[in-house]
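Data block below; observations after.
There are 2 protein chains.
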Amino acid sequence: MKAKEQLALYLKRYADISTLEIDDFYKQFEERKFKKSEYILEAGKTCKHQYFVTNGLIRVFYIDNKGNEKITQFAIEHWWLTHWSSYKEEIPSKSYIQALEDTTILQISNSELEKSFSNIPKLERVFRKITENWLIAIQKHSEFYLSLDSKNRYQQFSSAFPDFIQRVPQYMIASYLEITPEHLSAIKSKHVS
Amino acid sequence: MKAKEQLALYLKRYADISTLEIDDFYKQFEERKFKKSEYILEAGKTCKHQYFVTNGLIRVFYIDNKGNEKITQFAIEHWWLTHWSSYKEEIPSKSYIQALEDTTILQISNSELEKSFSNIPKLERVFRKITENWLIAIQKHSEFYLSLDSKNRYQQFSSAFPDFIQRVPQYMIASYLEITPEHLSAIKSKHVS
DNA sequence: CGCGACGTTGATTTGCCTCAACGATTGTGG
DNA sequence: CCACAATCGTTGAGGCAAATCAACGTCGCG
Numbered sequence: 045m046k047a048k049e050q051l052a053l054y055l056k057r058y059a060d061i062s063t064l065e066i067d068d069f070y071k072q073f074e075e076r077k078f079k080k081s082e083y084i085l086e087a088g089k090t091c092k093h094q095y096f097v098t099n100g101l102i103r104v105f106y107i108d109n110k111g112n113e114k115i116t117q118f119a120i121e122h123w124w125l126t127h128w129s130s131y132k133e134e135i136p137s138k139s140y141i142q143a144l145e146d147t148t149i150l151q152i153s154n155s156e157l158e159k160s161f162s163n164i165p166k167l168e169r170v171f172r173k174i175t176e177n178w179l180i181a182i183q184k185h186s187e188f189y190l191s192l193d194s195k196n197r198y199q200q201f202s203s204a205f206p207d208f209i210q211r212v213p214q215y216m217i218a219s220y221l222e223i224t225p226e227h228l229s230a231i232k233s234k235h236v237s
Numbered sequence: 045m046k047a048k049e050q051l052a053l054y055l056k057r058y059a060d061i062s063t064l065e066i067d068d069f070y071k072q073f074e075e076r077k078f079k080k081s082e083y084i085l086e087a088g089k090t091c092k093h094q095y096f097v098t099n100g101l102i103r104v105f106y107i108d109n110k111g112n113e114k115i116t117q118f119a120i121e122h123w124w125l126t127h128w129s130s131y132k133e134e135i136p137s138k139s140y141i142q143a144l145e146d147t148t149i150l151q152i153s154n155s156e157l158e159k160s161f162s163n164i165p166k167l168e169r170v171f172r173k174i175t176e177n178w179l180i181a182i183q184k185h186s187e188f189y190l191s192l193d194s195k196n197r198y199q200q201f202s203s204a205f206p207d208f209i210q211r212v213p214q215y216m217i218a219s220y221l222e223i224t225p226e227h228l229s230a231i232k233s234k235h236v237s
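Protein sequences, first through last, are from chains A and B. The number in this note's numbering is simply the position in the first sequence, starting from 1, with 44 added. The number in this note's numbering is simply the position in the second sequence, starting from 1, with 44 added.
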């Protein structure tokens, strides 16, 4: 499937948008391709875009004060992604965004996006709803973290996102779940259930 | 200050809205007053509104599987509040929303709010931005939790929100910071710094 | 005044981390 | 195509931060 069709399909979940409007909007995006391990954004730089993943797998992580990588997000095909505080407040990001597989994204800058909102008012509503859903997802995710111990975090995560278990190395899953790789290994060996 | 003026002041931070538009929008809200300890929302019920706090102090919490209250949010005057997943997906909330002081709120339902978006298109943008800022706040908050140990969480929280330290009992602060009340007490006694 | 809500203190326990060593697998250059 | 290094996962010993449990002091309110 072509990138434009993927984007169209995604946006049409939120509102009835004509092919003409999609064409118009799509022109504001830039397609970029990254090889496995390449950085889409490096810490210290400002995140100037929102990204729509058309192909591949991405992680977002920062380096904590002990020097360990902490993964805060993954994203795959048809996921929307940005580093919100860096993007909106135009401040340097403390996080890295990195392709974990060969990856293709569509990116759009804040100013282009705001322009599109003015040109195609319908989009204002679409992105309000996207943002609302994003918020729901993050709030659920926080509750998930707070309420479970490490073993249950792993069990819930692996049944909710079997794709990631397949495609992401175990130590990165561990980092995302706030567990050391050693301890995750121990969790899996006990009670294979 | 009257409730309408407070709301107007809040909304005008996001866009230039006329007094006429504010009047129109304000009619869609309902004012409700709660005594200390009363529930604005109980677990098991669906959260049908977004709330704007004009006076008082509120907490959001749920009961975990060990029977302990876990506080996930506080809100005071001029904060916007809802339980997103319950509100948008119209499913029962697992959380309680409770007034910790005598509290006054303005509430608006999802359908009234969506109607207002159609009547006053400018509001669509205002609420997109409010939602974006909400998202930024939550993402920052998650990073805050992940990167600090209990002592630093307390120190950062108490310097960032001295109001809450004054107005909220210590065991609730502890709950919000994911610390037991006993341990928070120990943190404070050592190294008064 | 008496009771319940709140905070404190100390002893014990525990979930998870740290550190170190060691297989298994992958991939890369000679 | 093999040899070797790097990457990744596993295992175990020891340690630590924070939870649990229990007891007690204090304050404010009905």
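A virtual CB, placed ideally from N, CA and C, is assigned to each residue, including glycine. From a predicted model like this one, the values you see are computed outputs, not experimental measurements.
Looking only at E176(B), L192(B), N99(B), the smallest Cα-Cα distance to E222(B) is reached by L192(B). Excluding sequence positions up to five before and after Q142(A), its CB lies within less than 6 Å of the CB of Y83, R103, all in the same chain and listed in chain order. DSSP places I149(A) in the uninterrupted beta strand (DSSP E) bounded by 147-153. Residue environment analysis places S130(A) among the buried positions, since at least 16 neighbouring C-beta atoms fall within 10 angstroms of its C-beta. Per the coordinates, the alpha-carbon of K132(B) lies some 17 Å from the alpha-carbon of E86(B). Just so you know, the alpha carbons of D67(A) and F171(B) end up roughly 26 Å apart. Under the DSSP assignment, F201(B) falls in the alpha helix (DSSP H) whose first and last residues are 194-204. For Q50(B), the enclosing alpha helix (DSSP H) starts and ends at 47-56. Judged by DSSP in its simplified three-state form, F118(B) adopts strand. Looking at the DSSP output, E133(B) bridges to nothing. Proximity of R211(A) to chain B, defined by a Cβ-Cβ separation below 7 Å, is not satisfied.
Looking at the DSSP output, Y95(A) shares a beta bridge with L125(A), Q151(A). In this structure, W124(A) places its C-beta atom within 7 Å of the C-beta atom of F96(A). In the pairwise beta carbon analysis, the region 113-124 of chain B is classified as not touching the region 68-77 of chain B: fewer than three pairs are separated by under 8 Å.
Boundaries cannot be given for V212(A), as no alpha helix (DSSP H) includes it and DSSP labels it neither H nor E. For chain B, the residues of the region 146-175 of chain A that bring a beta carbon within less than 8 Å of one of its beta carbons are F161, P165, E168, R169, F171, R172, T175, in chain order. About 6 Å separates the Cβ atoms of E134(A) and T90(A), confirming a contact at the 8 Å cut-off.
Within the model, the alpha-carbon separation for Q50(B) versus N99(B) is close to 10 Å. In the DSSP assignment, the residues bridged to Y140(B) are F105(B). Chain-ordered, the chain B residues with CB closer than 9 Å to the CB of D108(A) read L190, S191.
S153(A) places its beta carbon less than 7 Å from that of H93(A). Ranked by how close their Cα comes to the Cα of K138(A), the residues D108(A), K184(A), T224(A) have D108(A) in first place.
Annotation: R169(B) to S219(A) spans about 37 Å, alpha carbon to alpha carbon.
In the DSSP assignment, L85(A) is bridged to I141(A). Annotation: the continuous beta strand (DSSP E) that includes F78(B) extends over 74-78. When DSSP reads this structure, E113(B) sits in a beta bridge with I107(B). The beta carbons of I182(B) and I180(A) sit no closer together than 7 Å. Per DSSP, the beta bridge partners of T90(A) are P136(A).
In the DSSP assignment, I182(A) falls within the unbroken alpha helix (DSSP H) covering 165-191. If you draw a straight line from the Cα of L101(A) to the Cα of I149(A), it comes to about 10 Å. With a beta-carbon spacing of about 7 Å, I120(A) and D207(A) fall inside the 8 Å limit used to define contacts. The distance from the Cβ of L144(A) to that of V212(A) is about 7 Å, consistent with a contact at the 8 Å cut-off.
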